[in-house]
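Chemist: Take a look at the following structure, please.
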Amino acid sequence: MKLKRFLLPLFAALTITACSDEAPQNDKYTTLATPVTVESLPAVTEVFSLSCGHCRSMEAAIPAIEAAADVKIGKAHVTFNENATFAAMIYYSAMSQIDGAPPEGLTEALFKFVQEDQSDDAEKNKAILSSLFAQYNLVSPFDMTEAQQEALFADMERADQITVESEIRSVPTFLVNGKYVVNTSAHQSAEELADTLKMLMANNQ
């Protein structure tokens with residue numbers, strides 16, 4: 001199976017990487033010279049990585065941000081390096097099987113697997129991940145049918161397009177209207193971040 005051959009070697013190589021700090025520390029957002037062209041992109045998309053500790057912490061603030069900004073926030077996993085791409089494959093292996101919102105606890109379980117449960121034993125990692133998927137009645141990435149793999153790879157291609165076209169190098173961040181990239185580190189609270197999101201959503205020029 002193509003997916004299995006891709007995943008197994010990476011299990012032994014995955015390392016936890018800190019979130020990039022390349023984003024500017026003062027500007028609250030940047031405007032892309034060319035908007036992202038991905039179809040059906042939500043007004044606000046959180047761009048993140050399962051290997052990023054700050055992204056994991058951000059999850060708890062998302063409901064408050066959504067309420068304050070009056071918007072449902074979409075999610076896109078970055079693919080800007082090998083670790084992020086591997087983590088994205090784990091994320092989309094799960095999400096490509098789910099219609100609608102993921103079951104409670106799944107996203108946190110995926111964060112925990114990537115950030116805490118990895119070891120140098122690839123077979124052990126495979127067993128842990130397969131057990132995690134089974135807990136949520138999902139097919140393990142190693143047992144997916146060709147049709148399920150096609151759905152996964154379609155999600156991966158979409159995530160890669162968002163990563164490339166948005167030129168995002170630091171997560172977590174938010175992509176607004178496909179053309180504004182928010183610098184989360186320049187905001188002091190969920191309320192302040194929500195205000196920036198609302199302002200950018202209203203700016204269609």
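Using the UniProt record's numbering, read the sequence shown as starting at 1 and increasing by one per residue.
Yeah, the Cβ is synthetic: ideal placement off N, Cα and C, and Gly gets one too.
Small disclaimer: the values here were computed from a predicted structure and weren't measured.
Can you tell me the Cα-Cα spacing of leucine 197 and isoleucine 73, whole angstroms?
Modeler: Each residue's alpha carbon lies about 10 Å from the other.
Chemist: Which stretch, first to last residue, makes up the beta strand (DSSP E) that contains glycine 74?
Modeler: Residues 74-77.
Chemist: Just grab the DSSP bridge partners of leucine 175 for me.
Modeler: Bridge partners of leucine 175: Thr45 and Val181.
Chemist: Hey, how far is the Cα of alanine 67 from the Cα of phenylalanine 80?
Modeler: In a straight line, the C-alpha of alanine 67 is about 30 Å away from that of phenylalanine 80.
Chemist: Could you round the C-beta distance between phenylalanine 142 and lysine 126 to whole angstroms and report it? I think they count as a contact, below 8 Å.
Modeler: Going by Cβ atoms, the distance from phenylalanine 142 to lysine 126 rounds to 6 Å, so yes, they are a contact pair.
Chemist: Arginine 90 and leucine 110 look like a contact to me (Cβ under 8 Å); what is the Cβ gap, rounded to whole Å?
Modeler: Correcting the residue identity first, residue 90 is isoleucine in this sequence and not arginine. Right, the Cβ-Cβ distance comes to about 6 Å (below 8 Å), so this counts as a contact.
Chemist: Would you kindly work out how many angstroms separate the C-alpha atoms of residue 249 and valine 114, rounded to a whole number?
Modeler: The structure shown does not extend to residue 249, since the chain is modelled only from 1 to 205, so the question has no answer here.
Chemist: Could you tell me the alpha carbon to alpha carbon distance between glutamine 135 and serine 119, rounded to whole angstroms?
Modeler: The alpha-carbon atoms of glutamine 135 and serine 119 are separated by roughly 21 Å.
Chemist: Comparing alpha-carbon positions, which option in Ser96, Ala69, Ala186 and Glu167 lies nearest alanine 147?
Modeler: Alanine 147 has its Cα closest to that of Ser96, out of Ser96, Ala69, Ala186 and Glu167.
Chemist: Name the residue from Ala43, Asn177 and Val78 whose alpha carbon lies nearest to the alpha carbon of arginine 169.
Modeler: Among Ala43, Asn177 and Val78, the Cα nearest to that of arginine 169 belongs to Val78.
Chemist: On the DSSP letters alone, give me the boundaries of the alpha helix (DSSP H) that tyrosine 29 sits inside.
Modeler: It is not in any alpha helix (DSSP H) - tyrosine 29 instead sits in the beta strand (DSSP E) that spans 29-31.
Chemist: When the Cα atoms are used, what is the spatial distance from threonine 145 to leucine 152?
Modeler: Answer to the nearest angstrom: the Cα atoms are 11 Å apart.
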